Amino acid sequence: MLVSYKSQNLTSFISSSDFKIEKLSPFIHSQNLIEIIDLIEDSYYSISRNVNSKIVFTSFAIKMTKLINRSED
3 MLVSYKSQNL
13 TSFISSSDFK
23 IEKLSPFIHS
33 QNLIEIIDLI
43 EDSYYSISRN
53 VNSKIVFTSF
63 AIKMTKLINR
73 SED
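Numbering of the sequence shown is given in our numbering, commencing with residue 3 and proceeding in unit increments.
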């Protein structure tokens, strides 16, 4: 979210691959940030408790797609 507000000096993201955080940042805003954090935490918790990872990742991908495509209105 800080990248979206052009606060580059406050962020310190270093990618080990060719991932560009600048391309993802326009889709994360104040209306979906808390839900995205909750989704990541819930998915992490489920995987750490040995839930079927294929189901968790499929559910994660579908929910994340809905959250990312939500407008900021």
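The beta-carbon is built from N, C-alpha and C at its ideal position, and this holds for glycine as well. Please read all numbers here as calculations on a predicted model, not as lab measurements.
- In this structure, the alpha-carbon of K65 lies about 9 Å from that of I38.
- Its chain contains I70 as the residues whose beta carbon lies nearer than 6 Å to that of F29, once the 5 sequence neighbours on both sides are disregarded; these appear in chain order.
- The beta carbons of S45 and F62 sit about 5 Å from each other, so the pair counts as a contact at 8 Å.
- Within its own chain, no residue has a Cβ closer than 6 Å to the Cβ of S19 once the five positions on either side in sequence are excluded.
- Annotated three-state conformation of K25 is helix, per DSSP.
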